[in-house]
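See below for the structure under consideration.
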Amino acid sequence: MAHNIAILFITGSYSLPAAYQSFIDAISKAGYEINTPHLPTVGLRSREGRPGQGPSMYDDADLVSRELADLVDRGKDVVLIGHSYGGIPMSQATKGFSKKERQAQGKAGGVVHLAYYSALVPPLGGSAESLLSTIAQEKRPPISIDADGWMLIEDPAATAAMVCQDMPGDDAAEYVRGFTKHSARSFMDKLTYAGYEDIPSSWLLTEQDLAGPPPFQREMIATIEKASGAKVDVTSIQGSHICHVVKEKEFYAWVMGIIGKLGE
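If you want it as structure tokens, here you go:
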């Protein structure tokens, strides 16, 4: 059976699309188109950046917008999923792509839902750093920044204890060693368009998250609800910041539940 819903998955910082491959494969097997772009702010491979200065969050959002344009122009109804940092370019990128906007123009397709997975969601004018600065420095991963503005996770084992502490120790450290460098500039770029103001939203609240503790996540849920005037559909899961790996079945069920509520 062909499905009209497509999924566009926006990765977290430092994260290659391959980090989500098991989930991508499961969604594809279920018959849904899923695209997971390699964000410009994410380096090319493990512990590396890209040549030149680090790109901006707006470069990421532009890529997401191009991916969206391809999907909606084919009449697809799109569910966007944003993990961690990915929530910001996801929110930024949706201008002109909502189902409501496109229907008003007599066009098929459009963004029908925003799914935030332990994401960063600032208000208009906010940034990743403005959110993360509210977390004590000792609870944030130690990083270094090179001359071109690329951030590197300095201690994979220590960072693993913050982002995927529910994995076995060696597996967790190996997972974090797979992180690339990430553009520091992108964390400073301010949100200038908030797609969550008029597109229905869901949230996966990771209850054992040390990188984005539950109270921190609830503040961002409140940001969405205040801006949109609508309730966010919140699902809690007993997992860490990287629960798509350890809680793979539950994570998949969350996404499929969203699709089911949309009528597919």
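Residues in the sequence shown are numbered from 284 upward in steps of one, following my numbering. From the three backbone atoms N, C-alpha and C, an ideal C-beta is built for every residue, glycine too.
Straight-line CA distance for residue i to residue j?
i, j, result
"residue 466", "residue 321", "13 Å"
"residue 433", "residue 496", "25 Å"
"residue 563", "residue 390", "The structure shown has nothing for residue 563, since the chain only spans 284 to 547."
"residue 524", "residue 412", "18 Å"
"residue 384", "residue 408", "23 Å"
"residue 446", "residue 461", "13 Å"
"residue 423", "residue 494", "7 Å"
"residue 477", "residue 529", "31 Å"
"residue 397", "residue 508", "13 Å"
"residue 319", "residue 420", "31 Å"
"residue 449", "residue 388", "47 Å"
"residue 348", "residue 394", "11 Å"
"residue 464", "residue 416", "20 Å"
"residue 501", "residue 400", "12 Å"
"residue 458", "residue 392", "36 Å"
"residue 443", "residue 453", "9 Å"
"residue 441", "residue 499", "21 Å"
"residue 543", "residue 286", "12 Å"
"residue 377", "residue 475", "11 Å"
"residue 326", "residue 372", "16 Å"
"residue 418", "residue 541", "30 Å"
"residue 310", "residue 289", "10 Å"
"residue 430", "residue 470", "16 Å"
"residue 479", "residue 504", "10 Å"
"residue 531", "residue 473", "32 Å"
"residue 350", "residue 344", "10 Å"
Assign residue i to one of three DSSP states: helix, strand, or coil.
i, result
"residue 485", "strand"
"residue 380", "coil"
"residue 308", "helix"
"residue 395", "strand"
"residue 289", "strand"
"residue 303", "helix"
"residue 374", "helix"
"residue 419", "coil"
"residue 388", "coil"
"residue 524", "coil"
Considering residue i, what are the terminal residues of the beta strand (DSSP E) in which it resides?
i, result
"residue 538", "Careful: residue 538 lies outside any beta strand (DSSP E), inside the alpha helix (DSSP H) at 531-544."
"residue 427", "426-428"
"residue 519", "516-520"
What residues are listed by DSSP as bridge partners for residue i?
i, result
"residue 435", "427"
"residue 400", "366, 487"
May I ask which residues mark the beginning and end of the alpha helix (DSSP H) holding residue i?
i, result
"residue 263", "Absent from the model: residue 263. The displayed extent of the chain is 284 to 547, so no value can be given."
"residue 500", "497-511"
Quiz item: Along the chain, which unbroken stretches of the alpha helix (DSSP H) at least 4 residues long are found entirely within the stretch 437-483?
Solution: Considered as a whole, the stretch 437-483 harbours 439-446, 452-460 as its complete alpha helix (DSSP H) runs of no fewer than 4 residues, in chain order.
Exercise. Mind listing, in chain order, the continuous beta strand (DSSP E) runs of no fewer than 3 residues lying wholly within the stretch 312-371?
Key: Restricting attention to beta strand (DSSP E) runs no shorter than 3 residues, the stretch 312-371 encloses them at 316-318, 360-366, ordered along the chain.
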